[in-house]
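Asks: Residue numbering for the sequence shown follows our numbering, starting at 198 and increasing by one per position.
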Amino acid sequence: FILDTLKANIRETTRQPGFDAGNAHGLADACYRDMFRTGDIYNALKGSRAYLSLSELSPAARVQWQVFQRLLEAADAVHDGVLVELLSHEEKAVLQELHVSGRVRIFSPLKGGERYSFHTPLHLYYYQDQVLKARVERVEAALGTMELFLLACISRMSSERLRTTLSVGVDGRLLERKLQVELHAAALSVLPRGFNICPDVGKVFSAGGLVDFWVSPVGWAIELLRDGSSLQEHEQRFLQGGKYAGMPWTEHAVLDFRGPTSAALRPRDHPQTYHVLFSKDYSTAEIVNTSQGISQTCILTAAGSVPLLDMTARQAVASNSHDT
């Protein structure tokens, strides 16, 4: 199969105008570039039984994705692989199915317990290529609007880390610093190469304060607070005469994170303020913008195994929000 793909690529390359028939290295480089760098061979492999298209995985196949993700994060996904004993009972059952289908191999080294890995480096490159493409596609969609970007970040926060963290005050509420760290980690998992999210930005612009996050190069400023504390003051920082007014942001947002025990939400007439309402177990979060009439619930996945929900589905929340 691979040889057929390679021969087809060689035929196509040698037919191009100006091709030097005596330059074997040039031919090899051209075929490598076309097959691997442009992903032609990966597209061809999607029709093979031994290769699984990750785009076909539904939310119900979350466990299958987790098995692949453990392998993709391994130091050596081809030779050393991952210890089978690290998997949950559910993941082990899925692993057996993947092994029978030829998509991974299970082996027993001379030392240590049973492990699983990809069959060849090509399998590893194939899945890495798919993950990279999915990541870029997700970011392209997310960076279309700041709303989608914020939803993408919030949906990739870790419900487990939020639920089990010791970063709480004497009142049991999450510390603002913990929320900042989680949001920053989630944003980094969303942004592609060439984009960055920087904390505490302001001095470089000679601003009167430090905005919590700055997304470059798009110039998005994000301010974060919890439980509505000093909300109006945070909003005014972006207005004329405010601490952040002189910064060259193109869009800005104020994120008001509220825990399960927070006070009821009051409707506000501020288009850039988004309230993030966590469920009791931090498994979901409702993003509400009362000024724009937005109410959207997302599942906190950390791994991003559940696709982003459609932000275009908006509904008025004035009568159905957390009334005072």
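Cβ atoms here follow ideal geometry from the backbone N, Cα and C, with glycine treated the same way. If you're wondering where the values come from, they're calculated on a predicted model, not measured in any experiment.
Figure out for me which residue from Ser476, Val473, Ser459 and Gln489 has the closest Cα to the Cα of arginine 465.
Replies: Within the sequence shown, residue 465 is the residue found at index 268, counting from 1. Cα-wise, what sits closest to arginine 465 is Gln489.
Asks: Does the region 265–285 come close enough to the region 315–326 that 3 or more CB-CB pairs lie under 8 Å?
Replies: They touch, by the three-pair rule.
Asks: Straight-line CA distance for serine 314 to glutamate 287?
Replies: Residue mapping note: residue 314 aligns to position 117 of the sequence shown, counting from 1. Residue mapping note: residue 287 aligns to position 90 of the sequence shown, counting from 1. Rounded to the nearest angstrom, the two C-alpha atoms are 18 Å apart.
Asks: If I'm right that aspartate 409 touches leucine 428 with Cβ under 8 Å, what's the distance once you round it to whole angstroms?
Replies: Indexing the sequence shown from 1 puts residue 409 at position 212. Indexing the sequence shown from 1 puts residue 428 at position 231. 14 Å between Cβ atoms; not a contact.
Asks: Is it the case that the Cβ atoms of glutamate 363 and arginine 423 are separated by a distance below 8 Å?
Replies: Working through the sequence shown from its first residue, we reach residue 363 at position 166. Working through the sequence shown from its first residue, we reach residue 423 at position 226. In the sequence as displayed, the identity of residue 363 is leucine instead of glutamate. Contact flag unset, no.
Asks: By how many angstroms is the C-alpha of threonine 498 removed from the C-alpha of leucine 348?
Replies: Here residue 348 is taken as the residue at index 151 of the sequence shown, counted from 1. Here residue 498 is taken as the residue at index 301 of the sequence shown, counted from 1. Rounded to whole angstroms, leucine 348 to threonine 498 spans 12 Å at the Cα level.
Asks: Who are the Cβ neighbours of cysteine 395 in its own chain at under 6 Å, not counting the five residues just before and after it?
Replies: Residue 395 sits at position 198 when you count from the first residue of the sequence shown. Only Trp411 meet the Cβ criterion.
Asks: Less than 8 Å between the C-beta atoms of glutamine 532 and valine 485, yes or no?
Replies: An answer regarding residue 532 cannot be provided, because it is not within the stretch 198 to 521 covered by the chain.
Asks: Is DSSP giving tyrosine 471 helix, strand or coil here?
Replies: Taking the first residue of the sequence shown as 1, we reach residue 471 at position 274. If DSSP states are grouped into helix, strand and coil, tyrosine 471 belongs with the strands.
Asks: Output the residue ranges of the beta strand (DSSP E) runs that lie fully inside the region 377–464 and measure 3 residues or longer, sorted by chain position.
Replies: Runs of the beta strand (DSSP E) inside the region 377–464: 393–398, 408–413, 417–423 and 448–455.
Asks: Give me, in chain order, the residues of the same chain whose beta-carbon lies closer than 6 Å to that of alanine 257; leave out the 5 immediate sequence neighbours on both sides.
Replies: Within the sequence shown, residue 257 is the residue found at index 60, counting from 1. Reliability of the predicted coordinates at alanine 257 is poor, the pLDDT of 47 falling under 50, and no value is obtained from them.
Asks: Does DSSP put arginine 208 in a helix, in a strand, or in coil?
Replies: If you number the sequence shown from 1, residue 208 lands on position 11. Arginine 208 falls in the helix class under three-state DSSP.
Asks: Measure the C-alpha to C-alpha separation of proline 445 and glycine 416 and round it to an integer number of angstroms.
Replies: Residue mapping note: residue 445 aligns to position 248 of the sequence shown, counting from 1. Residue mapping note: residue 416 aligns to position 219 of the sequence shown, counting from 1. Going from the Cα of proline 445 to the Cα of glycine 416 covers about 7 Å.
Asks: If distances are taken between C-alpha atoms only, which option among Asp368, Gly369 and Arg353 comes closest to alanine 384?
Replies: One-based indexing of the sequence shown puts residue 384 at position 187. Taking only the C-alpha atoms, the option nearest alanine 384 is Arg353.
Asks: Check each candidate in Ser480, Thr458 and Thr494 and name the one with the smallest Cα separation from arginine 471.
Replies: Numbered from 1 along the sequence shown, position 274 holds the residue referred to as residue 471. One point to set straight first is that residue 471 is tyrosine, not arginine, in the sequence displayed. Comparing Cα positions, the closest option is Thr494.
Asks: On the DSSP bridge assignment, give the partners of valine 485 in chain order.
Replies: The residue you call residue 485 lines up with position 288 of the sequence shown. Partner(s): His472 and Ser492.
Asks: Can you tell which of Gly366, Ala404 and Phe346 has its C-alpha closest to the C-alpha of proline 389?
Replies: The residue given as residue 389 occupies position 192 in the sequence shown. That would be Phe346, whose Cα lies nearest to the Cα of proline 389.
Asks: Count the other CB atoms within 10 Å of the CB of phenylalanine 454; is the residue buried (16 or more) or exposed (fewer)?
Replies: Reading the sequence shown from its first residue, position 257 is the one you call residue 454. Looking at its Cβ environment, which holds 16 or more other Cβ atoms inside 10 Å, phenylalanine 454 is buried.
Asks: Would you mind sorting glycine 278 into buried or exposed? The rule is 16 or more other CB atoms within 10 Å of its CB.
Replies: Walking along the sequence shown from the start, residue 278 turns up at place 81. So glycine 278 ends up on the buried side.
Asks: Tell me which same chain residues have a C-beta within less than 7 Å of the C-beta of alanine 339, skipping the five on either side of it?
Replies: Position 142 of the sequence shown, counting from 1, holds the residue named residue 339. Note that alanine 339 has pLDDT 49, beneath the 50 cutoff, so the model's placement of it is unreliable and no number is given.
Asks: Since valine 264 contacts leucine 283 with CB under 8 Å, what's their CB separation in whole angstroms?
Replies: Here the question's residue 264 lines up with position 67 in the sequence shown. Here the question's residue 283 lines up with position 86 in the sequence shown. About 11 Å; that fails the 8 Å criterion.
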